[in-house]
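Written out below as structure tokens is the structure these notes cover.
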Amino acid sequence: MPGRSALNNDLADWDKLEIEPKNLLDNFKRIIKPKGNIFIFTTYNQIGKWHEVFDPEFDTFQFMVWHKTNPTPKIYKNGFLNSCELIVCMWNKGHQWNFSNQKEMHNFIQTPICMQPERLSNPKHPAQKPVKLLEHIIKIASNEGDTILDPFMGVGSTGIASYNLNRNFIGIELEKEYFDATCKRFKNHECKMKEYAMSN
Ligand SMILES: C[S@@+](CC[C@H](N)C(=O)[O-])C[C@H]1O[C@@H](n2cnc3c(N)ncnc32)[C@H](O)[C@@H]1O
27 MPGRSALNND LADWDKLEIE PKNLLDNFKR IIKPKGNIFI FTTYNQIGKW
77 HEVFDPEFDT FQFMVWHKTN PTPKIYKNGF LNSCELIVCM WNKGHQWNFS
127 NQKEMHNFIQ TPICMQPERL SNPKHPAQKP VKLLEHIIKI ASNEGDTILD
177 PFMGVGSTGI ASYNLNRNFI GIELEKEYFD ATCKRFKNHE CKMKEYAMSN
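Count along the sequence shown from 1, then add 26; that gives the number in my numbering.
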């Protein structure tokens, strides 16, 4: 619209850097436990890169679709809404999978994007995920007492989801304001974290 900046899939500065899956592969393979699963939120134009590098290195490579029920509208109706986000997932034989029925096994999950009051307002994180979505993934792919790692933690939604499901959590975040917001969020979480250790 006149006077407005163009909309695209770049949410923040980190989207301006090219993701190179091959630079992440060795560390992912180094830290994954024998029963572990890896989930990576990505976009349609990156999925080929992840597949090319990760598929030969793991027994199985699949993907899930997260359908957002309230995406940004397109008022000119000149294209599809950006209502889907892709999540690539991979694992090795012997991995944890907790499906109880066929319905849970659809590689599709539908939720609204993160809204108030769950969404933090200060700082605003452009890609804060809904805890419900992360709980779904964590529940099907790990057991109580397991450790979940989010190496791009943002404001800690994966940590809150892990805590709610009695999993341990390790988070890594580059930006101090998001890291501090996560610490505050943990302290204020309704269930109150029993123990947490944070470092800069
Ligand atoms: C898409 S957001 C993560 C959202 C979060 N995982 C969630 O579920 O709500 C990506 C985050 O990675 C952080 N980041 C970017 N490069 C990083 C790096 N090299 N190490 C750690 N964090 C990084 C960004 O500051 C940003 O908060």
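C-beta atoms are modelled at their ideal positions from N, C-alpha and C, and glycine is treated no differently. Fair warning: this is a prediction, and the values are worked out from it, not measured in the lab.
Open item on the list: Can you give me the C-alpha to C-alpha distance between E199 and K103, rounded to a whole angstrom?
Closed with: 37 Å
Open item on the list: Would you say P156 lies against chain C (beta-carbon separation less than 8 Å)?
Closed with: Of the protein chains in this structure there is only one, and it is not chain C.
Open item on the list: Helix, strand or coil, according to DSSP, for F212 in the structure here?
Closed with: helix
- [ ] Check each candidate in F106, G62 and G182 and name the one with the smallest Cα separation from P152.
- [x] G182
Open item on the list: Whole angstroms are fine: how far does the CA of F212 sit from the CA of R56?
Closed with: 28 Å
TODO: Let me know if P156 comes out buried or exposed under the rule of 16 or more other beta-carbons within 10 Å of its beta-carbon.
DONE: buried
Task: Cβ-Cβ distance between R61 and Q122 below 8 Å - done: Inspection of the sequence shows that residue 61 is occupied by Lys rather than by Arg. Yes, the pair counts as a contact, with Cβ atoms nearer than the cut-off.
Task: Same chain, Cβ closer than 6 Å to L175, five either side skipped, listed in chain order - done: I196
Task: Range of the contiguous alpha helix (DSSP H) that encloses I198 - done: That residue, I198, is in no alpha helix (DSSP H); it is neither H nor E in DSSP.
Open item on the list: Between which residues of its own chain and T208 is the CB-CB distance below 7 Å, once the five residues before and five after are set aside?
Closed with: Only M179, V181, G182, G185, G197 and E199 meet the Cβ criterion.
TODO: Determine the direct distance from the alpha carbon of D85 to that of H162, and round the result to whole angstroms.
DONE: 23 Å
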